[in-house]
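Participant: Following this message is one structure expressed as structure tokens.
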Amino acid sequence: MSWVLVMPIAVPFAAAVGAYLLRNFTAGRYVSLAGSVLSLVASAVLMAAVLEHGVIAGQMSNWDAPFGITLVADYLAAVMVVITAITGLATAIYALGEIPEHVEGLGFHALFQVLIAGVTGAFLTGDLFNLYVWFEVMLIASFSLLVIGGGKERLDAGIKYVALNLVSTLIFLSGIGLLYGLTGTLNMADLRGAVADLDNQGLVTVIAMMFMVGFGVKAAVFPLFFWLPASYHTPYFAISAVFAGLLTKVGVYALMRMFTLVFVGDVGFTHEILIWVSLLTMFTGVIGAAAQTDFRKILSFHIISQIGYMTLGLALFTPLALMGGVFYLVHHIIVKANLFFVAGLAKQYAGSTDLNRIGGLYKSAPLLAALFIIPAFSLAGFPPLSGFWAKYLIVVAALEIEAWFVAFVALLVGLLTIFSMTKIWGMAFWKPHPDGIDPTPDRAPPGVTRAMMAPIAGLAAMTIVIGFYPEPFVQFAETAAMQLLLPNDYVDTVLGARP
Amino acid sequence: MNSIIFSAAARLLVALLFVFSLFMLLRGHHLPGGGFIGGLIGAVAFIVYSLACGPAEARAALRLSPEVIATWGLGIALLAGLFAFVMGDPLFTGQWYWVGGDSYETAAFSINSVLVFDIGVYLVVLGGILSLTYAFEEET
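Residue numbers (my numbering), protein chains in the order written: chain A, 6 to 504; chain B, 74 to 213.
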């Protein structure tokens, strides 16, 4: 059983090794592509196993829990691994078109595969210190990807990114140290019982807040999100898409995991803070976006705003809200990565991402316009696209516990999101190009455009499928939420898992 | 660094450090040592060499680029971990074959996957540290 858990992590690492050694050959990029395909297969196998057996766990190196490192997959972890592999494959295809050869020679594909391995590892690990290690793997890979290709802007963004993320990991690490000092264990399932048994619950709440800050920086919640809009608009589009889709979600996932599994002793305090943090995150993100005129900067601020919905799902802490949060998490990865892909192609056609300097895309690239509309309106929560169901679940969950203000803010932010999306639509697609030209992709050969269009179309199709046929996804999210709220199965499987 | 004393001493030091790093690598697992510390000491050997003779010559002495060494190390470590699959154990379970006995105390020596993993770690650390320090040295 444990190998099912290992393969989604091992495959990208192997692909990274192969892609780096072949980085100066065409074969390198196809090794990376093959790795992404295999990752998707491996994660599909994992998903099938989880659907069949429920929670599955494996003890690495044959050390029993809580002493060794446990890999564990419940519904939430499994779906995150699958969605990571899907985003990874989409990015690998997109990168075939976008990434220039000299950047490939620097090891782009290897770094990208390591990033995917890091993200997958963070989703699958059942050990707190191991989670920290995966965070570091992600940080190193993402920092390198951020500055790869060089340039003043990228370095500037990279410094801000790495500085704030290091602060976050330091706080996270201190929290781990304190928690280990208190309980003597780092296995998350074991921690649940150990933390609940402690006399000094006040100290546990303090540590919980350290984790909230540490993960909060990663997830880019208010007021810790500054690094995100400062950095996500500078790298290659393939990279910013995979960042936008996955990196902040790892923070959200870690929050969801820790604040349903371990830190549930004082829900009235910790989750109340999280509610206000979420609301402020949603609101400041969407207001920040309104002030921007750069395609990617608008999208970056919207990541922040949408993160608020996910943490809100956790903060309300009812089955329905968590279910909405899980659904939101999955939907948003697809949609947001896709929007960044569209931004890249829009630049390919029109020459810039500054909305004041582009236009006319609707006339010259109607297919791209159609493919932008789908994720954009899904993000804003238009029925019947996937974002509608995600927002609907969160709002209903808020109304259910009579949190009128929360529901009001959620709806208001949805409305303001439409404003930003129509701004992009109006300025990039509808208005004529300011230079009076018809934007064409003639600066790139058709193969490039095709490679970049394929993942956009694929992800848009997924958005539509989830939108029109949400039933299985909602049911899946419901089970995932129940597993989060009542993690007995998780704890028993981890602590009782025979290697 | 233009110092005759240092360049002369470096020749000795480099060889000594490098042998010591291999000693640390081989003695690991059952005794203090292992791939990580061995790799660090090995990197120090090359750093001393590059201080004495310049980074260009140190790179030439390494033959492969440090990044490639680190990548090979990652691959070797991964293979050592995956080897457990063949034996039907979880990832990274150490596989031991004792020669002349059945445990650490009685056997003359052992053939095991743990050392292969440590060699991988050694190469990752050596390559990683050297790619950093060479980059710094060459910039100034």
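C-beta atoms are modelled at their ideal positions from N, C-alpha and C, and glycine is treated no differently. Predicted model, so just to flag it, every value in this text is computed and none were measured.
1) Just tell me which of A:ALA466, A:PHE481 and A:PRO460 has its CA closest to the CA of LEU101 of chain A.
2) For chain B, find out if any of its Cβ atoms is closer than 9 Å to the Cβ of ARG138 of chain A; answer yes or no.
3) Can you check which of these residues, A:GLY273, A:LEU169 and A:PHE113, is closest to GLY23 of chain A by C-alpha distance?
4) Looking only at its chain, what residues have a beta carbon closer than 8 Å to the beta carbon of ALA458 of chain A, apart from the 5 residues adjacent to it on each side?
5) What are the boundary residues of the beta strand (DSSP E) that includes TRP549 of chain A?
6) Please name the residue, chosen from B:LEU135, B:VAL198, B:SER204 and B:LEU203, that lies closest to ILE110 of chain B on a Cα-to-Cα basis.
7) Looking at chain A, is there any beta carbon in it that lies within less than 9 Å of the beta carbon of TRP171 of chain B?
8) Could you tell me whether any Cβ in chain B is nearer than 9 Å to the Cβ of TRP8 of chain A?
9) Please report how far the alpha carbon of ILE244 of chain A lies from the alpha carbon of THR96 of chain A, in whole angstroms.
10) How is the alpha helix (DSSP H) around GLN118 of chain A delimited, first residue to last?
11) Suppose the cutoff is 8 Å on Cβ atoms and the five residues either side in sequence are ignored; what does the same chain contact list for ILE78 of chain B look like?
12) Just how far apart, CA to CA, sit SER76 of chain B and ASP299 of chain A?
13) Taking Cβ positions only, does GLY154 of chain B come closer than 9 Å to chain A?
14) Going straight from the alpha carbon of VAL282 of chain A to that of TYR237 of chain A, what length do you get?
15) If you measure between the beta carbons of ALA33 of chain A and GLU109 of chain A, is that distance less than 9 Å?
16) What is the rounded straight-line gap between the Cα of SER66 of chain A and the Cα of VAL124 of chain A?
17) If the cut is a Cβ gap below 8 Å, which residues of chain A does GLY101 of chain B touch?
18) Is there a Cβ from chain B that is less than 9 Å from the Cβ of ALA146 of chain A?
19) Within a Cβ cutoff of 6 Å, which residues of the same chain sit near PRO504 of chain A, ignoring the five residues on either side of it in sequence?
20) Identify every run of the beta strand (DSSP E) within the segment 150-197 of chain B, keeping only runs that are complete inside it and at least 3 residues long; order them along the chain.
21) Whose C-alpha, out of A:MET263, A:ALA19, A:THR498 and A:ALA53, is nearest the C-alpha of ALA127 of chain A?
22) Determine, for SER44 of chain A, whether the minimum Cβ-Cβ distance to residues of chain B falls below 9 Å.
23) Work out the CA separation of ILE114 of chain B and THR286 of chain A for me, nearest whole Å.
24) Please classify PRO504 of chain A: does DSSP put it in a helix, a strand, or coil?
25) May I have the straight-line CA-CA distance separating HIS336 of chain A from ALA47 of chain A, to the nearest angstrom?
26) Would a check of beta-carbon distances place ASP497 of chain A closer than 9 Å to chain B?
27) Flag ALA83 of chain A as yes when its Cβ comes closer than 8 Å to any non-hydrogen atom of the ligand MG, and as no otherwise.
28) For ASN192 of chain A, list the residues DSSP reports as bridge partners.
29) If ILE181 of chain A and LEU191 of chain A are in contact, beta carbons under 8 Å, what's the gap, nearest whole angstrom?
30) With a cut-off of 8 Å on the beta carbons, I'd call GLN488 of chain A and LEU81 of chain A a contact; round off their distance for me.
31) Can you tell me which of A:TRP409, A:LEU160, A:ASN343 and A:VAL400 puts its alpha carbon nearest to the alpha carbon of PRO380 of chain A?
32) Report the neighbours of VAL194 of chain B on chain A: residues whose CB is nearer than 8 Å to its CB, in chain order.
33) Less than 9 Å between the C-beta atoms of PRO139 of chain B and GLY200 of chain B, yes or no?
34) Does the beta carbon of PRO163 of chain B come closer than 9 Å to any beta carbon on chain A?
35) Residues in the same chain with beta-carbon distance under 6 Å from ILE280 of chain A, minus the five sequence neighbours each way, listed in chain order, please.
Facilitator: Let me lay it out:
1) Within the first sequence, residue 101 of chain A is the residue found at index 96, counting from 1. If we check each option's Cα against that of LEU101 of chain A, A:PRO460 comes out closest.
2) Within the first sequence, numbered from 1, the residue matching residue 138 of chain A stands at position 133. Per the sequence shown, residue 138 of chain A should be read as Val rather than Arg. No, no contact with chain B.
3) Position 18 of the first sequence holds residue 23 of chain A. Checking every option, the nearest Cα to that of GLY23 of chain A belongs to A:PHE113.
4) Walking along the first sequence from the start, residue 458 of chain A turns up at place 453. In the sequence as presented, Ala is not what sits at residue 458 of chain A; that position holds Met. Same-chain partners within the cutoff: LEU350, LEU372, LEU373 and LEU376.
5) The requested residue 549 of chain A does not occur in the structure, where chain A is confined to residues 6 to 504.
6) Reading the second sequence from its first residue, position 37 is the one you call residue 110 of chain B. Ranking B:LEU135, B:VAL198, B:SER204 and B:LEU203 by Cα distance to ILE110 of chain B puts B:VAL198 first.
7) Position 98 of the second sequence holds residue 171 of chain B. No, no contact with chain A.
8) By one-based count along the first sequence, residue 8 of chain A stands at place 3. Yes, TRP8 of chain A lies at the interface with chain B (some Cβ there is under 9 Å from its Cβ).
9) Counted from its first residue, the first sequence places residue 244 of chain A at position 239. Counted from its first residue, the first sequence places residue 96 of chain A at position 91. Answer to the nearest angstrom: the Cα atoms are 8 Å apart.
10) Translated into the one-based positions of the first sequence, residue 118 of chain A becomes position 113. Segment 113-129, the alpha helix (DSSP H) holding GLN118 of chain A.
11) The sequence position of residue 78 of chain B within the second sequence is 5, counting from 1. Cβ neighbours of ILE78 of chain B beyond the five flanking positions: none.
12) Numbered from 1 along the second sequence, position 3 holds the residue referred to as residue 76 of chain B. Numbered from 1 along the first sequence, position 294 holds the residue referred to as residue 299 of chain A. Whole-angstrom Cα-Cα distance: 55 Å.
13) As a first step, residue 154 of chain B is located in the second sequence; it is residue number 81 there, counting from the start. Yes, because at least one Cβ of chain A sits closer than 9 Å to the Cβ of GLY154 of chain B.
14) As a working mapping, residue 282 of chain A is identified with position 277 in the first sequence. As a working mapping, residue 237 of chain A is identified with position 232 in the first sequence. Going by the C-alpha atoms only, they are around 22 Å apart.
15) Within the first sequence, the letter at position 28 stands for residue 33 of chain A. Within the first sequence, the letter at position 104 stands for residue 109 of chain A. Contrary to the premise, residue 33 of chain A reads as Gly rather than Ala in this sequence. Yes.
16) Here residue 66 of chain A is taken as the residue at index 61 of the first sequence, counted from 1. Here residue 124 of chain A is taken as the residue at index 119 of the first sequence, counted from 1. Taking the straight line from one Cα to the other gives about 21 Å.
17) Working through the second sequence from its first residue, we reach residue 101 of chain B at position 28. Ordered by position in chain A, no residue passes the 8 Å Cβ test against GLY101 of chain B, which lies about 16 Å from the chain.
18) On the first sequence, residue 146 of chain A is found 141 positions in, with the first residue counted as 1. Chain B contact via Cβ: absent.
19) The residue labelled residue 504 of chain A in the question sits at position 499 within the first sequence. Low confidence applies here, because PRO504 of chain A scores a pLDDT of 43, under 50, leaving its location unreliable and the question unanswered by this model.
20) 169-172 and 182-185
21) Taking the first sequence and counting its residues from 1, the one referred to as residue 127 of chain A is at position 122. Measuring from the Cα of ALA127 of chain A, the nearest candidate turns out to be A:MET263.
22) Sequence index remark: in the first sequence, residue 44 of chain A carries index 39 (1-based). The beta carbon of SER44 of chain A sits no closer than 9 Å to any beta carbon of chain B.
23) The sequence position of residue 286 of chain A within the first sequence is 281, counting from 1. The sequence position of residue 114 of chain B within the second sequence is 41, counting from 1. About 47 Å.
24) As a first step, residue 504 of chain A must be located in the first sequence, where it is residue number 499. The predicted position of PRO504 of chain A is uncertain, since its pLDDT is 43 and thus under 50; a value taken from the coordinates is nonetheless stated next. Coil.
25) Reading the first sequence from its first residue, position 331 is the one you call residue 336 of chain A. Reading the first sequence from its first residue, position 42 is the one you call residue 47 of chain A. Roughly 21 Å between the two C-alpha positions.
26) Against the first sequence, residue 497 of chain A aligns to sequence position 492. It does not: the Cβ of ASP497 of chain A has no partner Cβ on chain B nearer than 9 Å.
27) The model depicted lacks the ligand MG and carries no ligand whatsoever.
28) As a working mapping, residue 192 of chain A is identified with position 187 in the first sequence. Paired residues: A:ASP132.
29) Reading the first sequence from its first residue, position 176 is the one you call residue 181 of chain A. Reading the first sequence from its first residue, position 186 is the one you call residue 191 of chain A. Yes, they are in contact, since the Cβ atoms of ILE181 of chain A and LEU191 of chain A sit about 7 Å apart, within 8 Å.
30) The residue you call residue 488 of chain A lines up with position 483 of the first sequence. The residue you call residue 81 of chain A lines up with position 76 of the first sequence. Right, the Cβ-Cβ distance comes to about 7 Å (below 8 Å), so this counts as a contact.
31) Locating residue 380 of chain A in the first sequence gives position 375, counting from the first residue. The shortest CA-to-CA distance from PRO380 of chain A to any of A:TRP409, A:LEU160, A:ASN343 and A:VAL400 is the one to A:ASN343.
32) Translated into positions along the second sequence, residue 194 of chain B becomes position 121. Residues of chain A passing the Cβ test: none, with the nearest at roughly 14 Å.
33) As a position in the second sequence, residue 139 of chain B is number 66, starting the count at 1. As a position in the second sequence, residue 200 of chain B is number 127, starting the count at 1. Yes, the pair counts as a contact, with Cβ atoms nearer than the cut-off.
34) Mapped onto the second sequence, residue 163 of chain B falls at position 90. It does; some Cβ of chain A falls within 9 Å.
35) Start at 1 with the first residue of the first sequence, and residue 280 of chain A comes out as number 275. Cβ neighbours of ILE280 of chain A beyond the five flanking positions: ALA320.
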